[in-house]
Amino acid sequence: MKIKICGLFREEDIDFVNEAKPDFVGFVFAESHRQVSKETAKKLKNKLDKNILSVGVFVNENINKIAEICDENIIDFVQLHGDEDDKYISDLKKVCNKKIIKAVKVKNGEEIVRWRNSQADLLMFDAGMGEGKTFDWSLLKSFIRPYFLAGGINGNNVEQAIKLNPYCIDISSGVETNKVKDKNKILNIVRRVKMSNTRFGIYGGQYIPETLMNEIKNLEKQYEYYKNNPEFTDELNTLLKNYAGRPSLLYYAENMTKDLGGAKIYLKREDLNHTGSHKINNVLGQVLLAKKMGKTRVIAETGAGQHGVATATAAALLGMECEIFMGEEDTKRQALNVYRMKLLGAKVNAVTSGTKVLKDAVNEAMREWSKRVNDTHYVLGSVMGPHPFPTIVRDFQSVISKEAKQQILEYEKKLPYAVVACVGGGSNAMGMFYNFIEEKNVKLIGCEAAGKGLNTDKHAASIAKGEIGIFHGMKSYFCQDKYGQIAEVYSISAGLDYPGIGPEHAYLHDTGRAEYISITDEEAVSAFEYLARTEGIICAIESAHAVAHVRKIAPKIDKSESIIVCLSGRGDKDVAAIARYRGEEIYE
Amino acid sequence: MNRIESAFKNKKAFIPFITAGYPNINKTEDFIYKMVSAGADLIEIGIPFSDPVAEGPVIQESSQKALAAGTNLDKIFDLVKKVRKTVNIPLVFMTYVNPVFRYGYDNFFKQCSVTGIDGIIIPDLPFEEKNEISEYAKKYGIKIVSLIAPTSQQRIEDIAKEAEGFLYVVSSMGVTGERNEIKTDLKSIVDSVKKVTSVPTAIGFGIHSPQQANQMSKISDGVIVGSAIIKIIKQHGTDADSYIYDYVKSMKDSMNN
Numbered sequence: 000m001k002i003k004i005c006g007l008f009r010e011e012d013i014d015f016v017n018e019a020k021p022d023f024v025g026f027v028f029a030e031s032h033r034q035v036s037k038e039t040a041k042k043l044k045n046k047l048d049k050n051i052l053s054v055g056v057f058v059n060e061n062i063n064k065i066a067e068i069c070d071e072n073i074i075d076f077v078q079l080h081g082d083e084d085d086k087y088i089s090d091l092k093k094v095c096n097k098k099i100i101k102a103v104k105v106k107n108g109e110e111i112v113r114w115r116n117s118q119a120d121l122l123m124f125d126a127g128m129g130e131g132k133t134f135d136w137s138l139l140k141s142f143i144r145p146y147f148l149a150g151g152i153n154g155n156n157v158e159q160a161i162k163l164n165p166y167c168i169d170i171s172s173g174v175e176t177n178k179v180k181d182k183n184k185i186l187n188i189v190r191r192v193k194m195s196n197t198r199f200g201i202y203g204g205q206y207i208p209e210t211l212m213n214e215i216k217n218l219e220k221q222y223e224y225y226k227n228n229p230e231f232t233d234e235l236n237t238l239l240k241n242y243a244g245r246p247s248l249l250y251y252a253e254n255m256t257k258d259l260g261g262a263k264i265y266l267k268r269e270d271l272n273h274t275g276s277h278k279i280n281n282v283l284g285q286v287l288l289a290k291k292m293g294k295t296r297v298i299a300e301t302g303a304g305q306h307g308v309a310t311a312t313a314a315a316l317l318g319m320e321c322e323i324f325m326g327e328e329d330t331k332r333q334a335l336n337v338y339r340m341k342l343l344g345a346k347v348n349a350v351t352s353g354t355k356v357l358k359d360a361v362n363e364a365m366r367e368w369s370k371r372v373n374d375t376h377y378v379l380g381s382v383m384g385p386h387p388f389p390t391i392v393r394d395f396q397s398v399i400s401k402e403a404k405q406q407i408l409e410y411e412k413k414l415p416y417a418v419v420a421c422v423g424g425g426s427n428a429m430g431m432f433y434n435f436i437e438e439k440n441v442k443l444i445g446c447e448a449a450g451k452g453l454n455t456d457k458h459a460a461s462i463a464k465g466e467i468g469i470f471h472g473m474k475s476y477f478c479q480d481k482y483g484q485i486a487e488v489y490s491i492s493a494g495l496d497y498p499g500i501g502p503e504h505a506y507l508h509d510t511g512r513a514e515y516i517s518i519t520d521e522e523a524v525s526a527f528e529y530l531a532r533t534e535g536i537i538c539a540i541e542s543a544h545a546v547a548h549v550r551k552i553a554p555k556i557d558k559s560e561s562i563i564v565c566l567s568g569r570g571d572k573d574v575a576a577i578a579r580y581r582g583e584e585i586y587e
Numbered sequence: 000m001n002r003i004e005s006a007f008k009n010k011k012a013f014i015p016f017i018t019a020g021y022p023n024i025n026k027t028e029d030f031i032y033k034m035v036s037a038g039a040d041l042i043e044i045g046i047p048f049s050d051p052v053a054e055g056p057v058i059q060e061s062s063q064k065a066l067a068a069g070t071n072l073d074k075i076f077d078l079v080k081k082v083r084k085t086v087n088i089p090l091v092f093m094t095y096v097n098p099v100f101r102y103g104y105d106n107f108f109k110q111c112s113v114t115g116i117d118g119i120i121i122p123d124l125p126f127e128e129k130n131e132i133s134e135y136a137k138k139y140g141i142k143i144v145s146l147i148a149p150t151s152q153q154r155i156e157d158i159a160k161e162a163e164g165f166l167y168v169v170s171s172m173g174v175t176g177e178r179n180e181i182k183t184d185l186k187s188i189v190d191s192v193k194k195v196t197s198v199p200t201a202i203g204f205g206i207h208s209p210q211q212a213n214q215m216s217k218i219s220d221g222v223i224v225g226s227a228i229i230k231i232i233k234q235h236g237t238d239a240d241s242y243i244y245d246y247v248k249s250m251k252d253s254m255n256n
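Top to bottom, those sequences are chains R and B.
Numbering of the first sequence is given in numbering that gives the first Met the number 0, commencing with residue 0 and proceeding in unit increments.
Numbering of the second sequence is given in numbering that gives the first Met the number 0, commencing with residue 0 and proceeding in unit increments.
Put into structure tokens, the structure is as follows:
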């Protein structure tokens, strides 16, 4: 999201913005107490940081006069704030080579529809002109063209404005004191808008070494471009359909429903995807993106090996070199997956640093990335890490809820009572939640790993037992000690064995939109066995955490309601571990 | 003039790094005195963190061992307070953002000021996130030392403009640890820095030999060495004192040539 500071007329105003670095500034050429002459504007523009674009604001001005100012490059954009119509805009375009923003004063929303197909390069919606009043922003909710939001935005409502997700936020009187620009107000608001780009509330951010910053910024830019690029999305959708096997089934678990005697239970069968879990949704997206970005090599971390196998698979398919980082402990526990990755042509590095598990694999993958950013993309496996990873992974996983929402509406003709998913870093849960977030009546429930119990130190419940911290590039909840040392966590499920949780989950938790509960090893193993017996489905031990919670709540919910459980993966990989848990040693 | 400025005044600064609490906190105190008497101009004290993503294996291991030996931030502040009684050169913390965050920014920087810390280096707190701590660091007069990497390019100017204390120029991509060859065009990086600020620069990552120190000191205002010192401690343990002295002296001397 960009920010424009409008109505600069003093030299010191330029000092303020040069320090704050908004994306745009505005010079008002129309009658106003902020009006500037061409000469003043020229002087101010010369003083302005070259990375800040200037916008000239005009009201029903003579076209040739605007063209003259444009020709002298005093402004980079023209903003029309009067009664100009589309004819005026096309005439102006003939004599002026700058992009045109048409400001539309919103009264009842009819104007928003009327200007939808305007010739202007960009639209701006405003309540009036610099009087500091707002209009009913909800009118813009479904507007899809990029737009500037203006009118009465200030330090008190900027967060609400950010939530609308406009292309740019335009502020003038909101950063003034006694009718002149206030340096601290400008600094404050620019920082808040810029910070919001990398955050969910206070969570998220980009806490990574300088070595990686330019690459992360590049990823951000490239992703913004490709996510709306039809060629890219077509290619990805084709892979999801023809290679991964999407859409995945939404299966009505009739036996389980009857047995529990409450709400109807539906299973979103991500376990049926190619490679056996939801991980493929994200890796196909990221590896394809990496390829478009000109990378020739991908690296990834893995815990149980699901994400590693998926990444190695996508790399094999798309012809990329692939290296996987896996904690040494995990390579022993999941030897089969190690060999699988090797079969797929990937190199597997056993990580011997730290505690030799998933978090250490993430550390090592980050270290490796910082050595080789030029040809390498780091395919992060969950909705975690520095921005933009939590957003990228969530977007690629949101196909789960996009399909599930359509499917449940088809089967039940109404939305579900709740959607339930297991949470480690939280990618299948974010995918399952995402398209239901706006449906306030649908409960979102994430199931963390309580391991041997929350009253022991053998768990991985970041929300129940963690504290806010900053680690692996993000601010979120982490299991840690009082000095901020990251804790060793435990779960029977290697995929949930991570000391943190993605920042969007932290935000959904704090705002009360989602609920996070914990499930012990014992409950998960028993749910694993239960699902196998009642439905003939052997699910991943991770997913069994979600099944376990549904066993608890379904009987209490009315039969007319439904619950969707995300079955994030299949359980072949866990069979030996479950046997061991039950005291049986099995050999292949 | 603050202590950091005087460390670079009319000389090239040699900056050794030491992991606090490795092999134990009392030896860290001894090692600091040795480094000072061998001619160190500024000392970086590493607050060990469980997951140091910018570190190579040598410093990683020292951090783990220091933590296992019971090192924590309160003990490190006690150590700083003690050495500050006799040590007059600047002392700068090097750590990760989470230990600072959990301690509480206000409390942390207050303790820095009370015990005599002059600056802080936090590799996982880039320019964009500096606001996390800048208000508190300023309040207690602690300088935030920013890093510039070989990939920083157009970011150099922004970072340098707001630089204080000194600028840590990362010699090469990847993590800390000895390198035989440094290929980055460091001179052009330092030149771009100098265009916008008079804050001194010090080069770190990979430097271990007196020849390298000599070479780097011709490009920049200072040289930072970490892994090579930690390796000496790893080899000689609690008996490393004289080896550290000799090493620091040889590095410092090479820079005066």
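The C-beta atom is built at its ideal place from N, Cα and C for all residues, glycine as well.
It should be emphasised that the depicted structure is a prediction, and the values quoted were computed from it without experimental measurement.
Counting only the same chain and skipping the five closest in sequence on each side, list residues whose C-beta sits under 7 Å from that of Asp181/R.
Counting only Cβ-Cβ distances below 7 Å, and skipping sequence neighbours, we find Val174 and Glu175.
Who are the Cβ neighbours of Ile552/R in its own chain at under 7 Å, not counting the five residues just before and after it?
For Ile552/R, where only same-chain residues beyond five positions count, there are no Cβ hits under 7 Å.
Bridge partners of Ala448/R, per DSSP?
Its beta-bridge partners are Ala459/R and Ile518/R.
Please go through the stretch 359-402 of chain R and give each complete beta strand (DSSP E) segment of 3 or more residues, from N-terminal end onward.
Taking only runs of at least 3 residues, the beta strand (DSSP E) segments lying wholly in the stretch 359-402 of chain R are 375-377.
Terminal residues of the beta strand (DSSP E) in which Tyr251/R lies
Note, Tyr251/R: beta strand (DSSP E), Leu249 to Tyr251.
In terms of residue numbering, what span does the alpha helix (DSSP H) encompassing Phe15/R cover?
It spans Glu10 to Ala19 - the alpha helix (DSSP H) in which Phe15/R sits, taken as one unbroken run.
Note down the Cα distance separating Asn348/R from Glu534/R, rounded to an integer number of angstroms.
Roughly 38 Å between the two C-alpha positions.
Any C-beta of chain R within less than 7 Å: which residues of the stretch 123-146 of chain B qualify?
Contact residues of the stretch 123-146 of chain B toward chain R are Asp123, Leu124, Pro125, Glu127, Glu128, Asn130 and Leu146 (C-beta to C-beta distance below 7 Å).
Assign Asp75/R to one of three DSSP states: helix, strand, or coil.
Coil at Asp75/R, not helix or strand.
Shorter than 7 Å from the beta carbon of Thr295/R to some beta carbon of chain B?
Interface criterion not met: the Cβ of Thr295/R is under 7 Å from no Cβ in chain B.
Proximity to Asp182/B [Cα-Cα], best of Gln214/B, Asp240/B and Ser133/B
Asp is not the amino acid found at residue 182/B; the sequence shown has Lys there. Ranking the options by Cα distance to Lys182/B, first place goes to Gln214/B.
Are Ala12/B and Leu41/B close, meaning C-beta to C-beta below 7 Å?
Yes, they are a contact pair.
What do you reckon, are the CB atoms on Arg268/R and Leu495/R nearer than 7 Å?
No. Outside cutoff.
Would you mind telling me which residues of chain R sit closer than 9 Å to Pro89/B, beta carbon to beta carbon, in chain order?
Residues of chain R passing the Cβ test: none, with the nearest at roughly 22 Å.
Taking the alpha carbon of Ser5/B as the reference point, which residue from Ile88/B, Gly173/B and Ile243/B has its own alpha carbon closest?
Residue Ile88/B is the option with its Cα nearest to Ser5/B.
Applying the criterion that 16 or more other CB atoms from any shown protein chain within 10 Å of the CB defines a buried residue, is Asp90/R buried or exposed?
So Asp90/R ends up on the exposed side.
For the stretch 327-357 of chain R, which residues have a CB atom closer than 7 Å to at least one CB atom of chain B, in sequence order?
Going along the stretch 327-357 of chain R in chain order, one finds Ser352 and Gly353 with a Cβ nearer than 7 Å to chain B.
With a threshold of 7 Å between beta-carbons, can Leu78/B be considered close to chain R, or not?
Closer than 7 Å to the CB of Leu78/B there is not a single CB belonging to chain R.
Could you tell me which uninterrupted alpha helix (DSSP H) segments, each at least 4 residues in length, are contained entirely in the stretch 99-149 of chain B, listed from first to last along the chain?
List check, alpha helix (DSSP H) in window: 104-114 and 130-138.
For the stretch 181-195 of chain R, which residues have a beta carbon sitting closer than 9 Å to at least one beta carbon of chain B?
Listed by position, the residues of the stretch 181-195 of chain R near chain B (Cβ gap below 9 Å) are Arg190, Lys193 and Met194.
Just the chain B side, please: which residues come within less than 8 Å of Lys104/R by C-beta, in chain order?
None at all; the shortest Cβ gap to chain B is about 35 Å.
Selected residue, minimal CA-CA separation from Ile243/B, among Leu166/B, Phe16/B and Ile147/B
Considering only alpha carbons, the answer is Phe16/B.
Could you tell me the distance, in whole angstroms, from the CA atom of Ile44/B to the CA atom of Val144/B?
Spanning the two alpha carbons is a distance of roughly 13 Å.
The alpha helix (DSSP H) enclosing Met431/R, as first and last residue numbers:
Its alpha helix (DSSP H) spans residues Ser426 to Phe432.
Taking any Cβ of chain R, which residues in the stretch 166-199 of chain B have a Cβ under 8 Å from it, in chain order?
Result list: Val169, Met172, Gly173 and Val174.
In terms of residues, what are the limits of the beta strand (DSSP E) holding Lys294/R?
Lys294/R -> no beta strand (DSSP E), and no H or E assigned at all.
Assign Lys186/B to one of two classes, buried (16 or more other C-beta atoms within 10 Å of its C-beta) or exposed (fewer than that).
It counts as exposed.
Classify Leu90/B: buried if its beta carbon has 16 or more other beta carbons within 10 angstroms, exposed otherwise.
The residue is buried, with at least 16 neighbouring Cβ atoms inside 10 Å.
Should Met473/R and Pro502/R be called a contact, given that it needs their Cβ atoms to be closer than 7 Å?
Remark: C-beta atoms of Met473/R and Pro502/R approach each other more closely than 7 Å.
Does the stretch 143-157 of chain B come within contact of the stretch 187-202 of chain B, defined as at least 3 CB pairs closer than 8 Å?
Verdict: yes, contact present.
Can you confirm whether Ala201/B, when its beta carbon is compared against all beta carbons of chain R, has any partner nearer than 7 Å?
Cβ-Cβ to chain R under 7 Å: no for Ala201/B.
Collapsed DSSP secondary structure at Arg569/R in the structure displayed:
Secondary structure at Arg569/R: strand, using DSSP grouped into helix, strand and coil.
Determine the direct distance from the alpha carbon of Gly204/R to that of Gly203/B, and round the result to whole angstroms.
Cα to Cα, Gly203/B sits roughly 26 Å from Gly204/R.
CA nearest to the CA of Asn97/B, picked from Ser133/B, Pro47/B and Gln110/B:
The option with the nearest alpha carbon to Asn97/B is Pro47/B.
Just by C-beta distance, which residues in the stretch 449-470 of chain R are closer than 7 Å to chain B?
Listed in sequence order: Gly468, Ile469 and Phe470.
Can you list the residues of chain R that Pro98/B reaches, using a CB-CB cut of under 8 Å?
Neighbours of Pro98/B across chain R, judged by C-beta separation under 8 Å: Tyr482, Gly483 and Gln484.
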